[in-house]
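Sequences listed follow chains U and E, in order. Residue numbering for the first sequence follows our numbering, starting at 1182 and increasing by one per position. Residue numbering for the second sequence follows our numbering, starting at 6 and increasing by one per position. A short worksheet on the structure shown next.
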Amino acid sequence: MKRSVALAAALVSLATSTAASAQVMGADIGAASGMEAGDDGTGTTAFRRARTRLRASVLWQTEEGNSGMSAIAFVEIEPHTSFGNEIRYTYAFSRRMEAFGGATGTWVPHILIGGVAGATFLFGKSDMRLFVEPSISALPFGTDLPTSGVLMWGLLSLGVRGDISSLVAEKNGEEK
Amino acid sequence: MRYARAALVAVAVGLSLLPLLSVGCGTGNSCLRLSDCANGMTCQAGTCASTAASADADTTEGSVGNAADANAQAQDSTPVDAATTKDAGETDAESAKENDADTETEADSAAPEADAG
């Protein structure tokens, strides 16, 4: 538990320092599903399809453009409903590929807390680009776990990302 | 940097296959999270079970234990019961003898009437 608190504190401080020197760069919406694994109480690891979720995020990036932070809100819609958030540190290898790591969790109806890591692949050249985002999450803490085991998510997200900064720049240019 | 990109792509491709692998996994009543179960239910051994049923199961186990105790006590008290039964049998035999005697007396008293008729 102390590790998760320290991780959360580090992410918050990183987000604060990044946001101080960053501007909003983009936002995305998408959907995700995949595989969920964990101890179901029998002492063995059980696998099943993960809940389908809808997500929306806002991405901040530094002026250098290589690193940034993103905050995501997601809603798991089927077969059961829950609400959660993610906060990520993102590093861009190129305009088409990014890697990220951060904290994830659900808050309603039960609490789950853990870490997430993955990669984002962007397709397209316009301000609205498609993204494919595989990720893996490990959630060892929370009241949603029937046992003391770790719940794992392997998710694939698909969606659209919009480059807000260029839209803002265009709007400012028009106003000028 | 090139190796990092290659590793990322490899991991990404592997993770991208997970949704395909997960097709058909799990059943409607299975649970890995408490929120998989409806209100008033809990996740036990991968299955949603009502908390009331769990309490009933505990009660049943208790009643089974009580029944076992009762049987043990009954076995312990069997000799006493047998002695009691034996006493009762003797008592019954004595009363049967008395009944027989009464019957014979009645028959004897009825016989003179028949003779008189």
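Ideal Cβ placement from N, Cα and C applies to all residues, glycine included.
Nearest to residue i by CA position, among the options, is which residue?
i: N1266/U; options: M1333/U, G1296/U, G1222/U and D1220/U; result: G1296/U
i: T1328/U; options: T1271/U, T1226/U and A1208/U; result: T1226/U
i: R1232/U; options: F1255/U, S1248/U and T1243/U; result: F1255/U
i: S40/E; options: T1287/U, G1215/U and A1273/U; result: T1287/U
i: T1271/U; options: R1236/U, E1257/U and E1314/U; result: E1314/U
i: R1310/U; options: H1291/U, S1248/U and I1345/U; result: I1345/U
i: R1/E; options: S1248/U, H1291/U and F1312/U; result: Summary: the structure shown does not reach residue 1/E, with chain E confined to residues 6 through 122, and so no result is reported for it.
Assign residue i to one of two classes, buried (16 or more other C-beta atoms within 10 Å of its C-beta) or exposed (fewer than that).
i: A88/E; result: Summary for A88/E: the model assigns pLDDT 42, below 50, so the residue's position carries little reliability; its value from the coordinates is reported in the next sentence. Exposed is the call here.
i: L1337/U; result: buried
i: S1307/U; result: exposed
i: G70/E; result: For G70/E, the predicted model reports a pLDDT of 40, less than 50, meaning its position is unreliable and no value from the coordinates is stated.
i: P1260/U; result: exposed
i: A1284/U; result: buried
i: F1304/U; result: exposed
i: A43/E; result: exposed
i: I1210/U; result: exposed
i: R1342/U; result: buried
i: F1264/U; result: exposed
i: T1262/U; result: exposed
i: A106/E; result: In this predicted model, A106/E has a pLDDT of only 48, less than 50, meaning its place in the structure is not dependable enough to derive any value.
i: T1301/U; result: buried
i: G1335/U; result: buried
i: M1206/U; result: buried
i: S1316/U; result: buried
i: S1275/U; result: exposed
With a threshold of 8 Å between beta carbons, is residue i in contact with chain E?
i: R1229/U; result: yes
i: G1219/U; result: yes
i: L1339/U; result: no
i: D1325/U; result: yes
i: G1207/U; result: no
i: P1321/U; result: no
i: T1223/U; result: yes
i: L1303/U; result: no
i: S1263/U; result: yes
i: L1235/U; result: no
i: L1311/U; result: no
i: L1240/U; result: no
i: R1342/U; result: no
Which residue comes first and which comes last in the beta strand (DSSP E) that contains residue i?
i: F1281/U; result: M1278 to V1289
i: N1266/U; result: S1263 to A1273
i: I1292/U; result: No beta strand (DSSP E) contains I1292/U, which DSSP labels as neither H nor E.
i: L1332/U; result: L1332 to D1344
i: C48/E; result: M46 to Q49
i: P1321/U; result: M1309 to F1322
i: T52/E; result: T52 to S55
i: T1243/U; result: T1233 to T1243
i: G1249/U; result: S1248 to E1259
i: R38/E; result: No beta strand (DSSP E) contains R38/E, which DSSP labels as neither H nor E.
i: T1359/U; result: An answer regarding residue 1359/U cannot be provided, because it is not within the stretch 1182 to 1357 covered by chain U.
Tell whether a beta-carbon distance below 8 Å holds between residue i and residue j.
i: R1234/U; j: A1213/U; result: yes
i: L1339/U; j: E1217/U; result: no
i: C36/E; j: D1221/U; result: yes
i: R1277/U; j: M1250/U; result: no
i: F1322/U; j: A1298/U; result: no
i: Y1294/U; j: L1320/U; result: Here the sequence assigns Ile to residue 1294/U, which means Tyr is not the residue at that position. Closer than 8 Å, so yes.
i: T1223/U; j: A50/E; result: yes
i: V1239/U; j: A1273/U; result: no
i: R1236/U; j: I1258/U; result: no
i: G1215/U; j: G1330/U; result: no
Indicate whether at least one CB of chain U lies closer than 8 Å to the CB of residue i.
i: G166/E; result: Chain E is shown from 6 up to 122; residue 166/E falls before or after that span and cannot be answered.
i: S55/E; result: no
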